[in-house]
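Asks: Heads up, the sequence shown is in this note's numbering, so the first residue is 712 and it goes up one at a time.
The beta-carbon is built from N, C-alpha and C at its ideal position, and this holds for glycine as well.
No experiment lies behind these values; they were computed from the predicted model shown.
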Amino acid sequence: MSLSKRYSLFWTESEDKESEPTSTLVVSSPKGLYVDIRPFTKESQESTKENDGFDWYFAGFEIPIAGSSKVEFNHEFFDSEYINYYYKNGLSSKGFTIGTDLGDFSNSKDPEEIKKGIRVETGVLRNPKTGKVEPYVEKWVTCNSEHTPELEFLGEYKSKLRCIVLDTKDGGITDNESKDAIIGRFIALDKWVQGVVWNKSVTTNKTDSLGIVRFFDEANPLISYGGQIDKFPKLASLTQGLDVGESVTVDGVTWIVKEVNNW
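Structure representation (structure tokens):
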């Protein structure tokens, strides 16, 4: 369970130094369910009409590798690269494979980075800029989700935070090939919320089929993108006492509680 902000990214074979062109934030639950959203910053030169201002957004579950410091981030549940491919290839995912995302974590050895709470992730992944599989180094800061709007390392981190995770009833991207499936995840960790949803029945354009949200103040979201924003649950509807397996319906979409802690 964590609220993690990426500090920097370095593709070691194709770049000269680390940088951070995005505002990457990962919200994850105690059982490892997560939503990872990576919009380009206003200062970045990488935002284009084709990518809609996002480097990547995905959701799935974490798989710690026993006896090691490695974690697999499975995102077969939801992956923007799959969605991009689907629309580019005439509403078909034939031929697309979601790759393995395996990171090896360690503490930074830099004294100044240690003060900032920075951890280091290394691995090998496809670089979207080059299209090649390359080694990477990502640096992360685990933030205190009780604080807003600051996203920074704040020392002690409570182990018993409020958290709730809901998935749409249709399951994940790879669970079905239904042309009218609505696939999404909505996760709240204390004061921070992220959600992604894709309505496959919307075939006019990709933007109208999507909903992407990030906020700590529901009335003033930091990210509110796409034509499916109204499909997300409202926090007021997620009442105390909701249990795993129970559901809420929003604008015709059924969301099922997958995990709940201290809610």
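Can you tell me which residues form a DSSP beta bridge with Arg873?
Replies: Answer is none; Arg873 lacks a bridge partner.
Asks: Excluding the five sequence neighbours on either side, which residues of its own chain have a C-beta within less than 8 Å of the C-beta of Glu970, listed in chain order?
Replies: Around Glu970: Ser740, Pro741, Lys742, Leu744, Cys874, Ile875, Val876 and Val955.
Asks: Does DSSP classify Asn818 as helix, strand or coil?
Replies: In the structure shown, Asn818 sits in a strand (DSSP, three-state: E or B).
Asks: What do you get for Ala947, buried or exposed, if any count of 16 or more other CB atoms within 10 angstroms of its CB means buried?
Replies: Exposed is the call here.
Asks: DSSP on Ala947, reduced to helix/strand/coil?
Replies: Residue state, collapsed to three classes: helix.
Asks: In terms of DSSP beta bridges, what is Ile898 paired with?
Replies: In DSSP, Ile898 forms a bridge with Val876 and Gln905.
Asks: By Cβ distance, which residues of its chain are closer than 7 Å to Ser734, with the 5 residues on each side in sequence left out?
Replies: Only Pro750 and Thr752 meet the Cβ criterion.
Asks: Spatial neighbours of Pro944 within its chain, please: C-beta separation below 7 Å, excluding the five flanking residues on both sides.
Replies: So the qualifying residues of the chain are Leu877, Phe897, Val959, Val961 and Trp966.
Asks: Looking only at its chain, what residues have a beta carbon closer than 6 Å to the beta carbon of Asp901, apart from the 5 residues adjacent to it on each side?
Replies: Ser856, Glu857, Leu872 and Arg873, listed in sequence order.
Asks: Taking contact to mean at least 3 C-beta pairs separated by less than 8 Å, is the segment 933–940 in contact with the segment 918–925?
Replies: Yes: at least three Cβ pairs fall under 8 Å.
Asks: Please classify Lys827 as buried or exposed, where buried requires at least 16 neighbouring CB atoms within 10 angstroms.
Replies: Lys827 should be labelled exposed.
Asks: What first and last residue would you give for the beta strand (DSSP E) that runs through Thr960?
Replies: Its beta strand (DSSP E) spans residues Ser958 to Val961.
Asks: Express the C-alpha separation of Lys942 and Ile776 in angstroms, rounding to a whole number.
Replies: In a straight line, the C-alpha of Ile776 is about 35 Å away from that of Lys942.
Asks: Mind checking which residues open and close the alpha helix (DSSP H) that includes Ile794?
Replies: Ser791 to Lys799 is the span of the alpha helix (DSSP H), which, as asked, contains Ile794.
Asks: By how many angstroms is the C-alpha of Phe926 removed from the C-alpha of Leu933?
Replies: Using only the alpha carbons, I get a separation of about 5 Å.
Asks: Is DSSP giving Thr733 helix, strand or coil here?
Replies: Reduced to three states, the DSSP call for Thr733 is strand.
Asks: Can you list, in chain order, the residues of its chain with a C-beta nearer than 8 Å to that of Val904? Leave out the 5 residues immediately preceding and following it.
Replies: Counting only Cβ-Cβ distances below 8 Å, and skipping sequence neighbours, we find Val738, Phe897, Ile898, Val924, Arg925, Phe926, Phe927, Glu929 and Leu946.
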